[in-house]
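In what follows, a structure is listed as structure tokens, so that the remarks can point back to it.
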Amino acid sequence: MAKLKLGILISGRGSNLQALIDAAADPSYPAEIALVISNKADAGGLARAAAAGIATQVIPHKDFASREAFDAALDQALRAAGVGLVCLAGFMRLLTAGFSEGWHDRLINIHPSLLPSFKGLDSHAQALKAGVRFSGCTVHFVRPEMDAGPIILQAAVPLHDGDDEDALAARILEAEHKSYPLAVRLIAEGRVKVVDGIVRIADGDFAAAALLNPLG
Ligand code: GRF
0 MAKLKLGILI
10 SGRGSNLQAL
20 IDAAADPSYP
30 AEIALVISNK
40 ADAGGLARAA
50 AAGIATQVIP
60 HKDFASREAF
70 DAALDQALRA
80 AGVGLVCLAG
90 FMRLLTAGFS
100 EGWHDRLINI
110 HPSLLPSFKG
120 LDSHAQALKA
130 GVRFSGCTVH
140 FVRPEMDAGP
150 IILQAAVPLH
160 DGDDEDALAA
170 RILEAEHKSY
180 PLAVRLIAEG
190 RVKVVDGIVR
200 IADGDFAAAA
210 LLNPLG
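Counting along the sequence shown from 1, when you hit position 164 you're at 163 in numbering that gives the first Met the number 0, and nothing is skipped either side.
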């Protein structure tokens, strides 16, 4: 079967991009990375893509007079590369409603919290402040509202006494690197459907046990 072609949008270090590159290196993985686009020329992820022989493009948002014009350039590059699924991986620009509607249910994001808790940039600080026992990460389809849209997959990560933002971010990032390739696999295998705004997964493995923190 033909592999699902991914377009990955980044702005920074690209560790989630790397997780997808590593997953796609397995010949049995059902998706391949067609194009990596960064809005920043100095994004570390560009070197990761180049090292893996993946096509890259820098499309600086500052070169465009409006968000609409910038998003139109992204859209054109993705379509020219034959992309079937767009993955936001640390892409630090808000996309227009027109862009997200044009890629409806073919545009996903990873966010470092258990949505709908702790939207926005400072999710780790918000989790620490709230004193939750678990945070984690969420892979979701993108809708025009920030950090919203049907949830595909979540991973729960415990908070420890004495955690600071860096410690929590590092623990969650490990879970992100497992979650994003898994979510892409589920989509590429055709097992993900959005029904009335809720994601249904065909033949998923669902762990039955509850997690307890502390003393799980
Ligand atoms: C990740 O924490 C991701 O959840 C968030 O931005 C960060 C990107 O990290 N959206 P990286 O560039 O993938 O290393």
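All residues carry an ideal CB built from backbone N, CA and C; glycine is no exception.
Would you list the one or two residues that DSSP bridges to residue i?
i      : result
SER37  : ILE9, VAL57
LYS4   : GLU31
ALA154 : CYS136
ARG199 : LYS192
State the start and end residues of the unbroken alpha helix (DSSP H) segment that holds residue i.
i      : result
GLY44  : 43-50
ARG244 : Residue coverage of the chain in this structure runs from 0 to 215, which leaves residue 244 outside it and unanswerable.
PHE63  : Note, PHE63: premise wrong, no alpha helix (DSSP H); not H, not E.
ASN15  : 14-23
For a test of your reading of the model: does the CB of residue i fall under 6 Å from any non-hydrogen atom of the ligand NAD? Yes or no.
i     : result
ILE53 : As presented, the structure is devoid of the ligand NAD, carrying the ligand GRF as its sole ligands.
Q) Along the chain, which unbroken stretches of the beta strand (DSSP E) at least 3 residues long are found entirely within the segment 85-149? A) 106-110, 133-140
**Q.** Cβ contact check for the segment 72-82 and the segment 143-157: 3 or more pairs under 8 Å
**A.** no
Q) Counting Cβ pairs, one atom from each stretch, are 3 or more of them under 8 Å apart for the segment 108-116 and the segment 126-140? A) yes
Q. Does the pairing of the segment 200-213 with the segment 29-47 give three or more beta-carbon distances under 8 Å?
A. no
Q.
Is it the case that the segment 188-204 contacts the segment 158-174, given that we only count it when at least three CB pairs across the two stretches are under 8 Å?
A. no
Q) Do three or more CB pairs link the segment 79-89 to the segment 111-123 at distances below 8 Å? A) no
Q. Would you call the segment 13-31 and the segment 55-65 touching, i.e. three or more CB-CB distances under 8 Å?
A. A contact is defined here as three or more CB-CB pairs under 8 Å, and the segment 13-31 fails this definition with respect to the segment 55-65.
Q) Counting Cβ pairs, one atom from each stretch, are 3 or more of them under 8 Å apart for the segment 16-24 and the segment 95-105? A) The answer is no - the segment 95-105 does not touch the segment 16-24, with fewer than three Cβ pairs under 8 Å.
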